[in-house]
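Going by UniProt numbering, the first residue of the sequence shown is number 1, and it counts up by one from there.
The C-beta atom is built at its ideal place from N, Cα and C for all residues, glycine as well.
As the structure is a prediction and not an experimental result, all values here were calculated from the model.
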Amino acid sequence: MRGEQNKDPLPRNKDDDDDDENNRSLHLTGTPVLFIPGNAGSYKQVRSIAAEAASVFYDQKERIKRLNSNVTSLDFFSADFNGDFTAFHGQTMMDQSEYLNDAVKFILSLYQDNPTPARSVILLAHSMGGIVARVMLSLPNHLEGSVNTILTLAAPHSAPPATFDGKLLRVFKKTDDFWRNEFSKSGGRLENVTIVSITGGILDNMLPADYTTLTGLVPETNGLAVTTTGIPGVWTPIDHLAIVWCDQLRRVVAQSLLEVTDRSMIGYSIEHRMDIFRRNFVTGVSADSLASSSKTFGLKIDVNRLSHSMRERSFQFPNIRKKRDSASPGIHMFHVPRDDQSHAKFSYISSLKPTPIEELSVGSAPAILLCRTVPAAAINSGKFAAVLDYTSDSTSQFVQLECVDLHNSVQMIPRSYPGTASMEASSLGGSEQPFYSLELSPEYLEGFSSVVIVESGIIIDSKDFVLADMELQESSQVSLGEASLWKLLSRGYDLTLPSHRPLVVDIDVPCARSSLLTYNFDIRYQKSSSERFSPLIRQKIGDEVKWHIDLAHNPNVVSRTMGVPPFCPYKKSSHLQLKLYADTFASDQIMDIYLSVDWFKSLRNLVLRYRLSIVGLPVFVTCLVLFLQLAAYIDYGYYPSFGEGLLKFCSRKIMGPLVLIFCILPSFTSHSFFKRLFGWLDPIPTANEQLFQKIGGSDVRNNEYFLGIGEGALWFLGPLSLVIATSSVGTLHLIVSSICQLVVFVSKKLSFVFHGVPIYTGSVAGNRRRTIAVILLMTLVLVYLPYQFAFVVCFFTQSFVVLKSCIQSASSQAVKQNSPQKSEKVTSTALLSSSSSSSSSSTTSFSLLPPSASSLSSSSTTVPCHRVLKSFDNYKNFNFSLLLLMTWILPINIPILMVWVHNFSLKWATPFSSHHNFLAVLPIVLLVQLGNAGYMFSKPSWKISVIGTKLLVAYVAIYALMFSTRHLFWLHHLFNLMCSWFLVLILEDRFLGKLNHYTTPDKAVTTTSKLH
């Protein structure tokens, strides 16, 4: 650790600000909650949730006590990390986790003197704080049992959002492996731990929503992942920062936290906590808790009152004009078919929330009961909470039922009247009431004989409605299109729903499964003037739920989904499912639905998910251009410019096969054989897919290579990425070339040209200064600075070398025009396109050395001016290519440097906690300094040198293509290895005596070379 106890105090935010002064003392009696901020986050972010928790506990105490009779207040603690960059630095994450484990022990010690001391702390975390929370439980200093509930907001559980730091990736992998191994065995440390992951969905432009899933990491018994668009009463996407203070969401979070508190401090069981979280965060009925959580009632109904409804299949209200008083309400029974071939589903939608049967006379809302027949003696057995008798003295026949009240099982859904602008009006705290829905599928109806709706005697408002039906499940389940994504991309799919259909129709869309595509649903139907509400759709795929309202006025539904994501675990069977709610009683028109892909909006999906590829793929292109340049240099002794190499790269001979390879790579990378092959080529270990499947099921998959695509139909994304990468490299080349030309132009205007002056003086003093600078820089890296600082220094040094060479080249061209000696013109295009055999006998080397090195020679030769210019072009072009490659590597090193600058501003006297491996940058420093001194390796002549050079550059290119998006940090080390190889080539030249030296090109000069 790095003094975290002194650096990171724990501010406390007691949630009883509305209580009297005595309760604001340091005496803690509630349940402790520790907030962990995210990347560059603040401890103050928790205040909105803490304030809401206080408001709910003290202002709505009776309501919250009905939900949790053992509820306690919440004592909020918050970690202040001074805005640390945990997303970029693995050691910072480890330091925070170790410190917070000690902080949890300290927090629990504050409750030791209480009659019932707290035994555990609830962790509430935002962004990268969610990963810190998971890391805490994997560390040796974690107190077992001190944390059993974790709630995270926009936390990247499934994949690290930035891959610039190798330590960060190792922490992620080690933590994920720990969690998976603990959940895969019984009696592990995490057996009683529940975790909820909440994401803001498409509005989160900092973190892809795919990264927040728990698939393959936490079993469904212990974890829950939801989107804010699907949380009842929230129904809206939220951006990355606002997710902490969004009013609708903080209400749900505060209530959920209060519901899981236990005054006895023993803590509720994991099953009970998960039921609470599912009820608050997920839309739908839990089969396990449907009947167990409700009281049972006895019901006696006069058969004559059911003469018209014993086999009722639909119910609409207020179409029935005749009203009964509260003593004799209308009763409607939906019989559940007993036929093994018939599977019925009950659907209910209303603008009124069903009322408890005991409070039927209080309001106009009806009551809904799920019933089974019982013998006559059972009614008077005394086991029911109450017996409701709807018979009279004249009753001759009656039905006796045992019923469960379903008023707590209905779910809020967004209000959808014609003209409804947004879902905000009916969300929590909104001005309008939401709708309420209930669906009972055959598995929920099993063991029951009927669903009973009991009307209230109070007349309902004209805008309110109650609709229900009991239909065969087969009639409410349809499929839109086939599983083929190829057909969707080429022509789309359509579906026609019949006029006579259930209230709620489930539409399966098997082809809509990729999160990289945006889907467009065009819904067409004839609107009826008697419709009680406008149709609405709920979409679901994986953990994501989203609503689309008022389809009468908004028939075009644009669907962006969290489907099959790149680089994250997913379930192969996951695909889009729609649930259509419509007033089919009022409309007898068919409904047409047309599905297509919105290509323009799909491009937006690529930006956020492939933002790291903006670095990796251009490195692939740059390395291939470098490969072509080196190949020409090896064959002909001429090093072409980067622009000429890029033109060769874009030629039909090279680009054609590359496009074909990029087309088939998406299919190959998801195949098990190629996964094993790529895993062998990647030195960075990846997660075990079998362990994914052990946690999440046999259909869990993960695509980590290339673009992370497992769909062959998305083949076009491969060539598209190649075009973007090539364009990026070309743009960078144009920008750097323009800067160089501008500097040359300015230098000419200011007379900064060096006629008659040696290109590089190479003085003893200059060499000494460079040697001292290298030693000093490496010493600082070893004891204080991160090696990324040295790389940035090298980048600016290399920029100076290129600018200086461009200025000298311009001066040399002027000298060449005045030179009387003519030389044969050699074009780079011919050199690049010619075969290597035509010049295999050439052994001339063109290394640059300062003139002072002539003392090493043993003979003299006269070199024409054109040869000096040619070798100088080699030097300039090589350093220009090296600068472009370093420019793409630079963004990988900048984040760590940002962490260092941040830490330096806080505690400058403390050395950086990691990245002091000077060997990770020493070859780069030496090569750049040698380049600054005028050195360049001659063309390799040994076969092993030729093969090694080509293989190394080719491997770096392949790695950048296949693995770099998830392991960007490794590109720096591969570049460092490449620089090491170039240093070896320079040393080879030195030992073989192949170094040639040139001075000014304004005349033929005498050079020396060591004979061999």
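Contacts around residue i, its chain only, beta-carbon distance under 6 Å, and the 5 residues preceding and following it disregarded
i	result
residue 1013	With the chain represented from 1 up to 1012, any question about residue 1013 goes unanswered, as that position is not in the structure.
residue 166	969
Beta-carbon proximity check, residue i vs residue j, cutoff 8 Å
i	j	result
residue 1018	residue 126	With the chain covering only 1 through 1012, there is no way to say anything about residue 1018.
residue 792	residue 88	no
residue 941	residue 985	no
residue 447	residue 372	yes
residue 196	residue 152	yes
residue 915	residue 788	yes
residue 551	residue 535	yes
residue 119	residue 145	yes
residue 410	residue 354	yes
residue 592	residue 524	yes
residue 615	residue 519	no
residue 227	residue 201	yes
residue 75	residue 37	no
residue 241	residue 193	no
residue 159	residue 199	no
residue 207	residue 156	yes
residue 331	residue 466	no
residue 564	residue 514	yes
residue 701	residue 572	yes
residue 352	residue 464	yes
residue 666	residue 617	no
residue 624	residue 957	yes
residue 508	residue 476	no
Residues near residue i by beta carbon distance below 7 Å, same chain, minus five either side
i	result
residue 531	583, 586 and 587
residue 56	64, 254, 255 and 258
residue 920	787, 973 and 976
residue 181	none
residue 423	235, 236, 414, 547 and 549
Rounded straight-line distance, which links the Cα of residue j to that of residue i
i	j	result
residue 610	residue 917	30 Å
residue 987	residue 934	14 Å
residue 496	residue 420	26 Å
residue 73	residue 112	17 Å
residue 249	residue 430	13 Å
residue 913	residue 652	50 Å
residue 381	residue 357	20 Å
residue 21	residue 27	Low confidence applies to residue 21: its pLDDT is 46, below 50, so where it sits in the model is not reliable, and the reading given next is rough at best. Cα to Cα, the separation comes out at about 12 Å.
residue 406	residue 451	10 Å
residue 377	residue 391	16 Å
residue 468	residue 501	12 Å
residue 102	residue 681	41 Å
residue 579	residue 537	5 Å
residue 857	residue 806	Because residue 857 carries a pLDDT of 36, less than 50, the predicted location of this residue cannot be relied on, and the following value inherits that uncertainty. Taking the straight line joining both Cα atoms gives about 29 Å.
residue 362	residue 121	42 Å
residue 850	residue 765	Residue placement at residue 850 is flagged as unreliable, the pLDDT there being 37, under the threshold of 50; a coordinate-derived value is accordingly withheld.
residue 730	residue 278	51 Å
residue 34	residue 301	54 Å
Neighbourhood of residue i by C-beta distance below 8 Å, restricted to the same chain and skipping five residues each side
i	result
residue 779	none
residue 321	With a pLDDT of 46 at residue 321, under the threshold of 50, the predicted position of this residue should be treated as unreliable, though the coordinate-derived value follows. Excluding sequence neighbours, residue 321 sits near nothing in its chain.
Pairing CB atoms from the segment 486-496 with CB atoms from the segment 576-588, are three or more of them under 8 Å?
no
Checklist entry - Taking only runs of the alpha helix (DSSP H) that begin and end inside the segment 362-408, which ones reach a length of at least 4 residues, in chain order? => result 376-379
Fully enclosed by the segment 101-169, which beta strand (DSSP E) runs are 3 residues long or longer?
122-126 and 149-153
- Message: Restricting to runs no shorter than 4 residues, where is the alpha helix (DSSP H) found entirely within the segment 426-458?
- Response: Taking only runs of at least 4 residues, the alpha helix (DSSP H) segments lying wholly in the segment 426-458 are 442-445.
With a floor of 3 residues, list each beta strand (DSSP E) that falls wholly inside the segment 665-705, ordered by position along the chain. none
Measuring CB atoms only, is the segment 630-637 touching the segment 917-926, in the sense that at least three cross pairs come out at less than 8 Å? no
- Message: Does the contact criterion of 3 or more C-beta pairs under 8 Å hold for the segment 384-398 versus the segment 437-453?
- Response: They do not touch, by the three-pair rule.
Next on the checklist: For the pair the segment 174-192 and the segment 130-149, tell me if three or more CB-CB distances fall below 8 Å.
Outcome noted: yes
* Asked: At which residue ranges does the segment 877-947 contain complete alpha helix (DSSP H) runs of 4 or more residues, listed in the order of the chain?
  -> 922-933
- Query: Does the count of Cβ pairs from the segment 766-776 and the segment 878-897 closer than 8 Å reach three?
  - Reply: no
Does the segment 722-737 come into contact with the segment 668-680, if we say contact requires no fewer than three beta-carbon pairs (one atom in each stretch) closer than 8 Å?
no
Quick one: which unbroken beta strand (DSSP E) runs of 3-plus residues sit fully inside the segment 217-279? Chain order, please. 223-227
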